[in-house]
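Step one of this worksheet: look at the structure below.
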Amino acid sequence: MKIAIAGSGLADGGTISFHHHLRNGDTVMFQVLRACHDLGLRDLHIAPSSLFPCHETLIPFLRDGTVTRITTSYMNGPLADAVRAGILSNPVILQSHGGRAAAIESGRMPIDVAFVAAPAVDESYNLTGAIGPQACGPLGYAMVDAAYARQVIAVTDYVTEGLPRICMPGDLVDQVAQVESIGSAAQIVSGTTGRLPSENGRAIAELAAQLIDVSGLLRDGFSFQTGAGATSLAVAKALGPVMAERGITGGFAAGGITGPLVKMFHQGLFRRLWDVQAFDLVAVESYRNDPDHCAMSAADYASPDRADAIANELDVMILGAAEVDTAFNVNVTQASDGRIIGGSGGHSDTAAGAKLPIVTTTLTAGGFPKIVERLICQTTPGNTIGAVVTEAGIAIHPSRPELKKQALKAGLPVLPIESLCDKARDLAPPAPSVVGGGRIVAVCEYRDGTIIDVIRK
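Residues in the sequence shown are numbered from 1193 upward in steps of one, following the working numbering.
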């Protein structure tokens, strides 16, 4: 690793990028930063597509000045807690996945060295996530980095002859660094992707499927994506029987692909899967074996600079929420206790692109309301949200009177969002205010690069 880094020309103050296809199983970032530390490199800017609890191992490199800046699309766990506590003198920049891709392609975020955790590499430096001991599926986030970085170093634990599917051609790769292990693909199923929906979650999923059914969008060629939350995933399971009963074949399902979407694909309910990352091992296997399970780069998926991005072709997008306010604005970045628990990821990208973005959420969680008058942190603007579905009913954005009319005609429980806020407040007391009054520790960018909110210490 040290030889590859030294050969890359990386210097103090440089920007290095990573991807998160191994999610909570990644060890490549630690191995790279340990080597950078040993080489005496300082003041590095790391630009990973996301950060997870496993990246607690990076905290010493923030403390000693090896890393002084972070730009990412999502972060949670001990490293995020350290950021909130003020471990860095520079605020973390939180982008959307599409915003990150656009920043790289436009040159607003130049990358000196992109480190690609590659489950398999062949003799021509071609890379894939389809096979290997830690196969993780498509390398969609790394594709943009590799296309624009000054140097690309593939980090792998498996070199073989020939690949069944190439995620990244060898002519983009400058060096290959072999390591004992790149991590654990078993940890792809982590966080929200590893949870089962609650009883309320299942009820919400059924309501959301009914809303989709009456929206006028559920027809042949229908396109669909779910988020990674348990309730969002349950919507796919609830929608499958509706599509089968009505004989509907969708054009594609997209996003971070999951087992429920693979099942629908195998049942013939969708003709194609567009995949930027696999959210579970069922999706990894499908990507390896199914020709119509196709990889897409983060830019192809959601860049605001791409009119033909897949996100702009979605009929329905199912989104989660930590909080929703009475103007339909959504927070998926900060918890009611102030912790940084995520970031936009593709949330604001797909909300802006889809014809009908639906937020699914329970009224309360952790003893506090989730439908609130004021967010602790804004991630996604309310004017891009079509509806909010809870166990107590559905709130439809005022800009969609026809959807409200169809939902009421079908007998669905449509309520003003203020009523949902009142019901949530009746069930649980408001969370105590934890908005920090200290210096800014994170800047939340909207997908176009403008600042939508900040987080203070």
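Cβ atoms here follow ideal geometry from the backbone N, Cα and C, with glycine treated the same way.
- In this structure, H1213 lies near Y1333, with their beta-carbon atoms less than 8 Å apart.
- DSSP, reduced to helix, strand and coil, places Q1379 within a helical segment of the structure shown.
- By the Cβ neighbour-count rule, H1458 is exposed, with fewer than 16 other Cβ atoms within 10 Å of its own.
- If the five residues before and after I1632 are omitted, its C-beta is found closer than 6 Å to the C-beta atoms of P1283, V1646 and R1648, all from its own chain and listed in chain order.
- Contact between H1589 and G1578 is confirmed by a C-beta separation of about 6 Å, below the 8 Å threshold.
- If you look at R1463, you'll find it in the beta strand (DSSP E) that goes F1462 to A1470.
- Linking A1309 to F1210 through their CA atoms gives a straight-line distance of about 8 Å.
- According to DSSP, C1246 shares a beta bridge with no other residue.
- Judged by their CB atoms, G1530 and G1628 are nearer to each other than the 8 Å cut-off.
- With at least 16 other beta carbons inside 10 angstroms of its own, V1344 counts as buried.
- The region 1259-1277 makes contact with the region 1237-1245; the number of CB pairs closer than 8 Å reaches 3 or more.
- In the three-state DSSP reduction, V1275 falls in the helix class (H, G or I).
- Out of I1197, F1462, D1218 and R1215, the CA that lies nearest to the CA of I1208 is found in I1197.
- The beta carbon of L1225 lies closer than 8 Å to those of L1236, I1238, L1250, F1253, T1258 and V1259 in the same chain, with the five residues before and after it left out.
- Counting along the chain, R1648 sits inside the beta strand (DSSP E) bounded by residues I1643 to R1648.
- 8 Å or more divides the Cβ of T1219 from the Cβ of S1424.
- For I1358, same chain residues with a beta-carbon under 6 Å away, outside a window of 5 residues either side, are N1318 and T1320 in chain order.
- Under DSSP, D1218 takes part in a beta bridge, and its partners are G1375.
- The region 1391-1408 makes contact with the region 1419-1439: 3 or more CB pairs, one atom from each, lie closer than 8 Å.
- Taking a cut-off of 8 Å on C-beta distances, the region 1411-1418 touches the region 1435-1454, as three or more cross pairs fall below it.
- Residue range G1332 to Y1340 is occupied by the alpha helix (DSSP H) that includes V1336.
- Separation of L1506 and D1640 (C-alpha to C-alpha, rounded to the nearest whole angstrom) is 19 Å.
- For I1195, the enclosing alpha helix (DSSP H) starts and ends at K1194 to S1200.
- A straight-line Cα-Cα distance of about 8 Å links E1515 and S1528.
- Of all C-beta pairs linking the region 1554-1574 to the region 1612-1630, three or more are shorter than 8 Å, placing the two stretches in contact.
- Within its own chain, the residues whose Cβ lies closer than 6 Å to the Cβ of Q1287, once the five positions on either side in sequence are excluded, are S1265 and E1637, listed in chain order.
- DSSP places L1254 inside the alpha helix (DSSP H), whose first and last residues are I1251 to R1255.
- Note on P1593: under 16 other CB atoms within 10 angstroms of its CB, so exposed under the neighbour-count rule.
- C-alpha of P1608 to C-alpha of A1584: approximately 11 Å in a straight line.
- If you draw a straight line from the Cα of D1366 to the Cα of H1539, it is about 33 Å long.
- Contact between the region 1560-1572 and the region 1517-1525 is present, with at least three C-beta pairs closer than 8 Å.
- Scanning its chain for C-beta atoms nearer than 7 Å, with the 5 sequence neighbours on each side dropped, one finds around P1549 the residues M1509, L1511, T1542, A1543, T1576, I1577 and G1578, in chain order.
- Within the region 1480-1563, the complete alpha helix (DSSP H) segments of 4 residues or longer fall at 1490-1494 and 1539-1545, listed in chain order.
- Around the beta-carbon of N1523, 16 or more other beta-carbon atoms lie within 10 Å, marking it buried.
- Judged by DSSP in its simplified three-state form, P1240 adopts strand.
- Excluding its 5 nearest sequence neighbours in each direction, A1623 has C-beta neighbours in its own chain below 6 Å: S1528 and F1560, listed in chain order.
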